[in-house]
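Protein chains in written order, with our numbering: chain V, 1 to 81; chain L, 82 to 844.
In this text, a Cβ means the ideal position worked out from N, Cα and C, and glycines have one as well.
Since the structure comes first, as structure tokens, the remarks are kept for the end.
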């Protein structure tokens with residue numbers, strides 16, 4: 001299972017929990033797993049957060065692969081000037 | 082002259098075009114005045130659109146009487162917030178860089194019940210001449226009930242502060258507050274045990290630093306021409322960082338279908354993040370629908386200052402703890418950023434980047450997004466990062482002084498590298514930070530001693546860089562030329578890099594490739610140009626489209642030679658037959674293009690993608706200053722900026738990005754600031770009073786390009802436009818501290834303040 005770490009943006013959904021193991025072979029499947037565990041978190045993550053999968057940032061990319069031992073950090077989506 | 086600019090054109094190993102310095106494709110248009118910017122476009126029968134703006138920083142709109150304006154001959158339309166669709170419930174829309182609040186966007190374009198800053202739009206007119214439009218504005222009667230206002234970010238956070246909105250409840254805290262507040266959001270990043278970290282420290286430094294709101298300062302004011310057709314189809318000609326962004330935002334604000342709007346991008350005279358939203362376009366469209374004529378709107382410079390997004394002013398609290406050998410063991414950073422009239426300051430990225438250059442085991446970073454009675458902030462190069470970096474890099478400078486370490490040594494000791502977890506979470510890979518520090522350490526600048534009276538400062542900076550959605554098409558002409566079409570407005574030289582990458586793949590001289598930026602009906606969707614994403618993401622689409630064209634060229638050659646396509650290779654712009662029995666001479670792109678009608682039709686390809694895996698960038702800046710003892714004026718006398726750029730596609734443009742970012746950062750450090758009077762009115766809304774640096778204020782800025790390629794890009798490119806504005810604020814301030822012996826924590830370091838600091842020291 002992938003190891004997912006979330007920041008303060010997600011705490012209202014996770015009750016303050018920051019790290020957990022989640023099933024999913026793609027970003028989309030991980031989002032579904034997150035939503036099943038913390039209702040509402042999936043939609044929030046889909047809209048607001050980017051996935052840093054093993055150090056590489058994926059934004060709005062449902063089918064980016066997630067490895068069985070991947071480390072995923074959910075970070076606010078990034079824009080710029 | 083820059084060390085790097087003197088280098089001869091030399092491509093990277095194995096490349097013929099990428100890495101060289103051809104003449105820029107937009108150069109002739111720009112130097113001859115042929116380039117058509119937003120204000121240069123005109124339509125037959127167009128009207129002049131003008132906006133009436135609030136004279137108050139905060140007021141309730143009691144009534145608006147437009148009858149006298151409407152009665153003025155020559156006035157064709159008058160609109161107010163009541164003419165726009167209502168947005169009673171909020172909705173998030175995607176179309177810019179991230180999801181935005183529909184209601185906030187619409188209410189910023191035209192005020193509804195309240196005005197939230199001086200300059201907030203309250204009504205608009207369209208008339209047959211500029212004079213009549215101005216006269217019509219003067220005949221609109223708005224009754225206001227003025228309200229207490231708040232500009233300062235910490236004052237806005239106070240429990241008894243004037244409240245801008247009654248629907249904002251601080252998000253990102255454990256328990257939802259029961260009262261509304263000006264604090265829209267708290268961001269928090271943490272690791273380790275902060276108390277334990279500080280307990281283990283031998284040395285602790287603490288500081289409070291402040292920055293003022295500054296404007297992006299693009300030369301070209303916002304401008305557009307909008308035409309609403311009788312069939313409901315609309316055309317927009319506008320200068321922006323994203324034609325598709327303009328299309329989406331206009332459609333949502335006006336409640337029309339996206340498919341009914343076509344946006345044609347004009348040449349853009351600077352954006353720097355400030356043109357990633359809409360101000361005039363929805364207004365001009367509604368005026369056009371109301372009047373039945375095309376409407377042209379052009380902001381004055383004063384309007385640009387008063388009504389378009391500057392970046393935040395901020396307060397940065399920093400506490401660092403280190404061992405006596407310089408190892409930083411604990412850091413606490415608190416950031417308070419002005420968002421302007423609506424939530425959405427860049428405090429999030431400010432917090433994420435604050436410690437991104439440092440490997441620290443225990444830290445807590447807290448960021449506060451705070452609404453204030455000032456124009457809604459807009460993105461500005463590396464949004465949020467220069468502000469937090471100013472505090473952190475000043476504090477690291479203090480720490481180095483306390484420990485007797487040099488500015489590079491303390492940063493080398495605590496530097497992030499591949500495999501280290503960034504403070505914002507992910508594990509770094511393929512980064513070039515240590516190489517960038519080494520480049521400065523090896524520079525002539527670092528090795529050259531200061532002259533008497535001078536001060537030297539060093540600071541570092543980070544930006545993520547991003548990818549995202551882009552579309553590109555490559556079309557071959559029958560004469561063997563190529564056209565590269567994208568939907569990414571060129572704000573920093575991207576047309577040159579697109580042409581060069583296509584030329585590299587096709588094997589053409591770059592002069593035979595014409596890069597174009599198309600309208601929203603002529604190319605597939607592309608996110609706006611921003612976040613240093615275009616050369617990476619759109620470039621990836623261009624490369625893939627060019628590769629598809631090459632594959633088609635090889636297929637045509639295979640047909641002509643009657644060999645399988647696997648027996649054809651593309652080498653230096655020619656198809657080469659690998660079947661020796663055919664004794665076939667290589668066929669050039671021009672030859673194949675000339676026969677395309679007979680071999681299957683025109684040759685072109687389009688690729689649409691969502692690019693992932695952008696590589697982050699790091700910059701290390703070194704600045705020398707002199708301070709006039711009589712006036713307090715600071716002169717930057719030498720400046721060197723090194724940056725990991727992945728691979729410089731067109732090194733001159735990359736150096737230009739670095740130099741431009743430094744120039745803007747120096748202005749932020751020394752002179753630029755929004756100044757408000759007691760009523761919340763901006764007092765310096767013009768370039769005479771808002772002092773940006775000009776060429777004569779600056780020395781040649783030496784750019785050192787460090788190339789640690791990003792393996793996810795075909796040529797290794799990383800974004801380059803954001804990083805260069807991150808370090809200068811602290812690099813300059815650290816240099817001033819070195820010159821006068823006093824730490825000045827409050828920007829800008831304008832002459833009166835520097836003089837006062839010097840006098841205070843002397844006293």
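Chain L within 7 Å of residue 76 (chain V), Cβ atoms only: Locating residue 76 (chain V) in the first chain gives position 76, where the first residue counts as 1. Yes, contact with chain L.
Those residues which DSSP pairs with residue 651 (chain L) across a bridge: Along the second chain, one-based indexing puts residue 651 (chain L) at 570. Beta-bridge pairing links residue 651 (chain L) to L:656.
First through last residue of the alpha helix (DSSP H) which encompasses residue 827 (chain L): To locate residue 827 (chain L), count along the second chain from 1; it is residue 746. Looking at the DSSP string, residue 827 (chain L) is not in any alpha helix (DSSP H), and its letter there is neither H nor E.
Residues that residue 462 (chain L) contacts on chain A, provided the C-beta gap is smaller than 7 Å: Structure shown: chain A not included; protein chains present are V and L.
Residue of L:327, L:564 and L:447 minimising C-alpha distance to residue 275 (chain L): Within the second chain, numbered from 1, the residue matching residue 275 (chain L) stands at position 194. For residue 275 (chain L), the nearest C-alpha among the options comes from L:447.
Assigned secondary structure, residue 138 (chain L) (DSSP; H/G/I helix, E/B strand, else coil): Working through the second chain from its first residue, we reach residue 138 (chain L) at position 57. Note: residue 138 (chain L) maps to coil in three-state DSSP.
Check whether residue 620 (chain L) and residue 582 (chain L) have beta carbons under 7 Å apart: Numbered from its first residue, the second chain carries residue 620 (chain L) at position 539. Numbered from its first residue, the second chain carries residue 582 (chain L) at position 501. Yes, the pair counts as a contact, with Cβ atoms nearer than the cut-off.
Residue closest to residue 313 (chain L), alpha-carbon to alpha-carbon, out of L:656, L:341, L:329 and L:778: If you number the second chain from 1, residue 313 (chain L) lands on position 232. Out of L:656, L:341, L:329 and L:778, L:341 has the C-alpha closest to the C-alpha of residue 313 (chain L).
Chain-ordered chain V contacts of residue 612 (chain L) [CB-CB under 9 Å]: Taking the first residue of the second chain as 1, we reach residue 612 (chain L) at position 531. Ordered by position in chain V, the residues that pass the 9 Å Cβ test against residue 612 (chain L) are 78, 79, 80 and 81.
Chain-order list of residues whose beta-carbon lies under 6 Å from that of residue 181 (chain L) (same chain, five-residue window excluded): Mapped onto the second chain, residue 181 (chain L) falls at position 100. Answer for residue 181 (chain L): 174, listed in chain order.
Cβ of residue 505 (chain L) within 7 Å of any chain V Cβ: Here residue 505 (chain L) refers to the residue found at position 424 when the second chain is read from its first residue. Cβ-Cβ to chain V under 7 Å: yes for residue 505 (chain L).
Three-way DSSP call (helix, strand, coil) for residue 239 (chain L) in this model: Here the question's residue 239 (chain L) lines up with position 158 in the second chain. Looking at residue 239 (chain L) - three-state DSSP - the assignment turns out to be coil, as it is neither helix nor strand.
Below-7 Å beta-carbon distance, residue 295 (chain L) vs any chain V residue: To locate residue 295 (chain L), count along the second chain from 1; it is residue 214. Answer no: the Cβ-Cβ gap between residue 295 (chain L) and chain V never drops below 7 Å.
Contacts of residue 509 (chain L) in chain V (Cβ-Cβ under 9 Å): By one-based count along the second chain, residue 509 (chain L) stands at place 428. Ordered by position in chain V, the residues that pass the 9 Å Cβ test against residue 509 (chain L) are 55.
CB contact check: residue 23 (chain V) to chain L, cutoff 7 Å: Within the first chain, the letter at position 23 stands for residue 23 (chain V). Judged by the 7 Å Cβ criterion, residue 23 (chain V) is not in contact with chain L.
Straight-line Cα distance separating residue 268 (chain L) from residue 365 (chain L): Within the second chain, residue 365 (chain L) is the residue found at index 284, counting from 1. Within the second chain, residue 268 (chain L) is the residue found at index 187, counting from 1. Each residue's alpha carbon lies about 37 Å from the other.
Contact under 7 Å by Cβ, residue 348 (chain L) with residue 118 (chain L): In the second chain, residue 348 (chain L) corresponds to position 267, counting from 1. In the second chain, residue 118 (chain L) corresponds to position 37, counting from 1. A contact, by the Cβ cut-off of 7 Å.
Three-state secondary structure (DSSP) of residue 588 (chain L): Here residue 588 (chain L) is taken as the residue at index 507 of the second chain, counted from 1. In this structure, residue 588 (chain L) counts as coil in the three-state DSSP scheme.
Bridge partner(s) assigned by DSSP for residue 355 (chain L): The residue given as residue 355 (chain L) occupies position 274 in the second chain. Residue 355 (chain L) pairs with nothing; no bridge assigned.
Closer than 7 Å to chain L by CB, residue 9 (chain V): If you number the first chain from 1, residue 9 (chain V) lands on position 9. Cβ-Cβ to chain L under 7 Å: yes for residue 9 (chain V).
Proximity of residue 292 (chain L) and residue 395 (chain L) at Cβ, strictly below 7 Å: For the purposes of this step, residue 292 (chain L) is taken as the residue at position 211 of the second chain. For the purposes of this step, residue 395 (chain L) is taken as the residue at position 314 of the second chain. Contact: yes.
C-beta neighbour in chain L for residue 19 (chain V), strict 7 Å: Mapped onto the first chain, residue 19 (chain V) falls at position 19. Cβ-Cβ to chain L under 7 Å: no for residue 19 (chain V).
Limits of the unbroken alpha helix (DSSP H) element including residue 59 (chain L): Outside the displayed span of chain L (82 to 844) sits residue 59 (chain L), for which this structure offers no information.
DSSP-derived helix/strand/coil call for residue 731 (chain L): Here the question's residue 731 (chain L) lines up with position 650 in the second chain. Three-state result, residue 731 (chain L): coil.
Selection from V:71, V:77 and V:76 that minimises the alpha carbon distance to residue 26 (chain V): Residue 26 (chain V) sits at position 26 when you count from the first residue of the first chain. Looking at the Cα atoms, V:71 is the closest of the given residues.
Member of L:480, L:611, L:515 and L:199 whose CA lies at the smallest distance from the CA of residue 421 (chain L): Start at 1 with the first residue of the second chain, and residue 421 (chain L) comes out as number 340. If we check each option's Cα against that of residue 421 (chain L), L:199 comes out closest.
Cβ of residue 43 (chain V) within 7 Å of any chain L Cβ: Taking the first residue of the first chain as position 1, residue 43 (chain V) is located at position 43. False, the Cβ-Cβ gap to chain L never drops below 7 Å.
Test item: CB-CB of residue 438 (chain L) and residue 543 (chain L) under 7 Å: The sequence position of residue 438 (chain L) within the second chain is 357, counting from 1. The sequence position of residue 543 (chain L) within the second chain is 462, counting from 1. Going by C-beta atoms, residue 438 (chain L) is nearer than 7 Å to residue 543 (chain L).
Strand pairing of residue 173 (chain L), partner residues [DSSP]: Looking up residue 173 (chain L) in the second chain gives position 92. Answer is L:182, bridged to residue 173 (chain L).
Interface residues of the stretch 529–557 of chain L facing chain V [CB-CB below 8 Å]: 544, 545, 546, 547, 548, 549 and 550
Chain V contact for residue 740 (chain L) (CB, 7 Å cutoff): Residue numbering aside, residue 740 (chain L) sits at position 659 when the second chain is read from its first letter. Put simply, the CB of residue 740 (chain L) is far from chain V, with every gap to its CB atoms at 7 Å or more.
Terminal residues of the beta strand (DSSP E) in which residue 63 (chain V) lies: For the purposes of this step, residue 63 (chain V) is identified with residue 63 of the first chain, where counting begins at 1. Boundaries for residue 63 (chain V): no beta strand (DSSP E) harbours it, and the DSSP string shows neither H nor E there.
Per-residue DSSP class, three states only, for residue 404 (chain L): One-based indexing of the second chain puts residue 404 (chain L) at position 323. Coil at residue 404 (chain L), not helix or strand.
Contacts of residue 267 (chain L) in chain V (Cβ-Cβ under 8 Å): Locating residue 267 (chain L) in the second chain gives position 186, counting from the first residue. By Cβ distance, chain V contributes 8.
Any chain L beta carbon closer than 7 Å to residue 3 (chain V): Here residue 3 (chain V) refers to the residue found at position 3 when the first chain is read from its first residue. False, the Cβ-Cβ gap to chain L never drops below 7 Å.
Exposure label - residue 430 (chain L); buried when at least 16 CB within 10 Å: By one-based count along the second chain, residue 430 (chain L) stands at place 349. Result: buried.
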